[in-house]
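The next block holds one structure in the form of structure tokens; read it before the comments.
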Amino acid sequence: MELFGADEQSANRTSTAALYSGTFVWEKADGTSEEIKVPGRYQVPAGETMVLTTTLPDNYDETAFAIRSSLQDVKFYIGGELRAEYSTKETRLVGKNSASRFVFCPTSYKDAGKELRLELTTYTSNYSGVVNSIYCGDQSAIWQIIFHQYAPTTFIGFFVLFSGMTIILFSMILGFLYHIDFDMEYLGWCMTMGAVWLLGESKLRQILVPNASALSSLCFVMIILCPIPLLLYADSIQNGRHRRMYLIAGGIVLANFAISSVLYSTGMKDYIEMLPLGQIILAAVFVMVYVHLFQYLHKSKYHTDRLLLVGLLLIMVCVTIESASVYFVTSVSGIFTGIGMIILLFVNVVRTVRGIQHMEDMRQQQELERKQKQTEEMTLQMMRTLAATIEGKDRNNCGHSIRVAEYAALIGKRLGLSSEEIENLKDCAYLHDIGAIGIPDQILSKPGRLSEEEYALMKQHTLIGAHILKDITLVPHLVEVTKSHHERYDGTGYPEGLSGAAIPLYARIVAVADSFDAMHSRRIYRNALSEDQIRKEFSESAGKQFDPRISAILLDLMDEGHLEDVTSKYKEMENSLYMDSNHTINKFISDVFTTIKSQEDITSYDFLTGLPLRTLGEKQIACAVQDHSGCLAFVDMDNLKKINDVHGHKAGDRALMTLGKLLARFASNGYACRLGGDEFLLFFPDITHEEASEHMTQLFHQFHVLTRDDAEIQYASLSAGLYMCSGNEPFPDCSSKADNALYYAKRNGKNQFSFYQPQIDHLSTSVSGAGNNLTQIAKSLQDSGSYMGALNLDYRDFARQYSYIHQLVIRNHCRCYLIMLTMESTGETSPSIEKAEQALLQMEEIIRKSIRKIDIYTRYSSMQYLILLFQPLESAIPNIMDRIFMRYESFNCSKEFHPIYDYQAMSEEEHKKY
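Each residue of the sequence shown is one higher than the one before, starting from 185 at the first, in our numbering.
Take a look at the structure:
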């Protein structure tokens, strides 16, 4: 509560320190005199000395007189003696007036009754004739009174100066942290300049700085230059909205400063004499800035912006009062301006805090978006790498996506897309086949054509890819391209059956680029198409599969050679496709896929034989077939079922293990795999027909040596079909031909191999030869009746056997006849395998329809059938066979073959031929 007590400073102030109460007489230049009041202002021309006199009282005992000069030279005479003098004429560098300050004249009791003469001289009309208050008393007491009157304004000036410098420093730090310019920094410069003006106008400036003249001049400079930071402040708030106008205003301010400084330096005019123009400019800038800020901020939703307008209006009023007071009072304190600037400072601090909060929110939002973008970019990069890794698993498909992206970019450029749109298009093309990650590898790498079920599964890769990429917002059109790049222009594509313009443009572009690269690239199931074939394909498919306009652009690019440039550039590109953008991510993904692939490879080997299983083995062999000529061999183990049935599966497994080890040894410089069951596939690269024949002969011999001494697997033998590959044939074609060769090898008897031939040899079957063969077959069938061991039959085979035996019992008086039907070639040239097979199939159909249900037939070799007849009379056999032959001829079957037959009774040794 003591804070609200009495003013102890005033209570302790000595009574001896007070204004001088004596009378002053103005001694005019014309010789007249006039008693005047002090303080006051009188008509004195600039440059003329104003002389004031007074007589000190008889009881005078004070120690000092003091007066504040207003740009005046001051002289004190006591008793005609110059006691004190103030003039900066000899010390100031420029200007024509001495700076305002308090001037003290020492006195004593000895001066009682003497005349005190005071001379005041100024060279500017602004302060000519000005007489300020005159103090009399102890010098320290006089200073105490001066401090009491003017210290608050000085303190305000220091506070504003400190605040301004702090704001500048704080704004610079914030600017460094947030990388933007804060408008509060320019307010800090305004405050600093205002503080310099306040301190320059302070009545205490002579004790603040050693050179009061410099501070006085700086005070006027601040007034002239003050509009500059004010304009910068307003421009920063409005984000350069009126910058051109502000630049013009700033130029006027600088021009005024330059002119005023020149006049001041030459002594022609003081700054105070040029002050009215500077104040007019300052007022005009204030009004202009306030109007602009009012237009900019009055609709703001933030209260601090409205408070800023109030603060600006308040400081405008304060500055106006201070500026006007220069012309009406002799002493300007600047307290109004200081208070106004403090209020404006408070408003701006609040506004800046609010701005920082907003920026921090924005920064956090941007950081969140940046992290999201970074996450999406990383995800996108990982997906690109995944796509490239998937492609890299098939060397024929490696680099497919980047080539498609480059082709699509060329098409997009021709369509007039912007550079940003082209980059987006390329990003979409990079990932158009990302859905393949969800398709089994055995389907992706299948050497032959896909089945309907496999193709239906393959078509799902578009939907899988769209689902994977659904959350990626970084690349426009990414999902629609991934989903729709297999749509057809006529609406028969998948997955949605879109047509025409309903298919997104980017998807139509990628569809054309994708198809071109597929046609132009080698595949495991076919060779690359020629340019003529590609042109024909695109010409015929324009308007059906492809957008006609885009298809025409692609053909133009082909004719101009641009597509071939892309192909050449990326032809040898391996799975390091995207390594340049993020090596760490790619290495990680590559390592993961290498590990996964090694695990897949482990599971892709047959644990029994040690050979690759079908998926891996066919892929390896298909790649080798495309790069090398050589021999492709289908190998089949004969009698495996018999071994399993008689001796059990352990014996069958032992036979498979024996063959697997043998094949692995023979394929040390080639490839071997187990297709399944008792079937194997081999490829011997870069060998001739003779070398292949020698290899197979050795293989058959060594397998026989390994199995002949094992009672359980001694029945095992081999059959093989071989095809000599040329090195540029699709694997499915080679595989089919080797399979055909195996088929004919087995039809002609087991334990042999044959090479694929586009034509078959003449069949020259003599009577004796056929008879001997038939006799051997009959004996073999008879001997099979002594079969030892349990016969394991399924239900259908058992039912057939039962029905057969039942019919045999009922008709046990019938005899059994075995007939061999042989197809002979009628021409001099050998017919093709395809024609021979067609003739055999027609004959089989005729036999099936011509014999009874109790009769049995089977195909024995590539050109022969066996028929088992149950007939009461032998004489009926020719009728049956004639009926079969007549039907064969009546069906317009191939005339290149002529059927013959021979037969014998199962219980007789003789046989007959017809």
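Think of the CB as a built atom: it goes at the ideal place given N, C-alpha and C, for glycine as much as any other residue.
Contact annotation: residue 932 and residue 1045 have beta-carbon atoms nearer than 8 angstroms.
With respect to residue 246, residue 259 sits apart: the two C-beta atoms are not nearer than 8 angstroms. Pairing residue 718 with residue 848, the inter-Cα distance amounts to about 42 angstroms. Around the beta-carbon of residue 227, fewer than 16 other beta-carbon atoms lie within 10 Å, marking it exposed. Taken atom to atom, the span from the alpha-carbon of residue 893 to that of residue 887 is near 11 angstroms. Counting the other Cβ atoms within 10 Å of the Cβ of residue 728 gives fewer than 16, which makes it exposed. Secondary-structure assignment with DSSP links residue 259 through a beta bridge to 269, 303.
For the pair residue 266 and residue 328, the Cα-to-Cα distance works out to about 26 angstroms.
In the DSSP secondary-structure assignment, residue 239 is bridged to 299. Sixteen is the threshold: since fewer than 16 other Cβ atoms of the shown chains lie within 10 Å of the Cβ of residue 655, the residue is exposed.
The residue from 1033, 1035, 1007, 1034 with its alpha-carbon nearest to that of residue 1022 is 1007. Residue 1088 sits in a strand when the DSSP states are folded into three classes.
Out of 569, 530, 1035, the CA that lies nearest to the CA of residue 1071 is found in 1035.
Annotated three-state conformation of residue 895 is coil, per DSSP. Residue pairing for residue 1048: DSSP places it in a beta bridge opposite 1006, 1045.
The three-state reading of DSSP puts residue 612 in helix, counting H, G and I together. Under the three-state reduction of DSSP, residue 916 is assigned to helix.
Excluding sequence positions up to five before and after residue 684, its CB lies less than 6 angstroms from no other CB in the same chain. DSSP places residue 821 inside the beta strand (DSSP E), whose first and last residues are 814-822. Scanning the region 206-233 from its first residue to its last, no whole alpha helix (DSSP H) run of 4-plus residues comes out. About 4 angstroms separates the Cβ atoms of residue 289 and residue 249, confirming a contact at the 8 angstroms cut-off. In this structure, the beta-carbon distance from residue 1081 to residue 1010 falls below 8 angstroms. According to the DSSP assignment, residue 901 belongs to the beta strand (DSSP E) that extends over 901-909. With contact defined as three or more Cβ pairs closer than 8 angstroms, the region 644-663 and the region 729-739 are not in contact. The three-state reading of DSSP puts residue 311 in coil, since its state is none of H, G, I, E or B. Residue pairing by DSSP places residue 253 opposite 285 in a beta bridge.
A Cβ-Cβ distance of about 4 angstroms is found for the pair residue 626 and residue 799, placing them in contact under the 8 angstroms criterion.
Buried is the label assigned to residue 796, since at least 16 other Cβ atoms lie within 10 Å of its Cβ.
Assigned with DSSP and collapsed to three states, residue 999 falls in strand.
In this structure, residue 444 keeps its C-beta atom at 8 angstroms or more from the C-beta atom of residue 407. As the crow flies, the alpha-carbon of residue 211 is around 12 angstroms from that of residue 304. Distances from the CA of residue 322 to each of 330, 315, 316 were compared; the closest alpha carbon is that of 330. The beta carbon of residue 430 lies closer than 6 angstroms to those of 415, 419 in the same chain, with the five residues before and after it left out. Residues of the same chain with a CB within less than 6 angstroms of the CB of residue 458, apart from the 5 flanking positions on each side, are 444 in chain order. Residue state for residue 1075 is assigned as coil, using DSSP reduced to three classes.
With contact defined as three or more Cβ pairs closer than 8 angstroms, the region 360-374 and the region 383-391 are not in contact.
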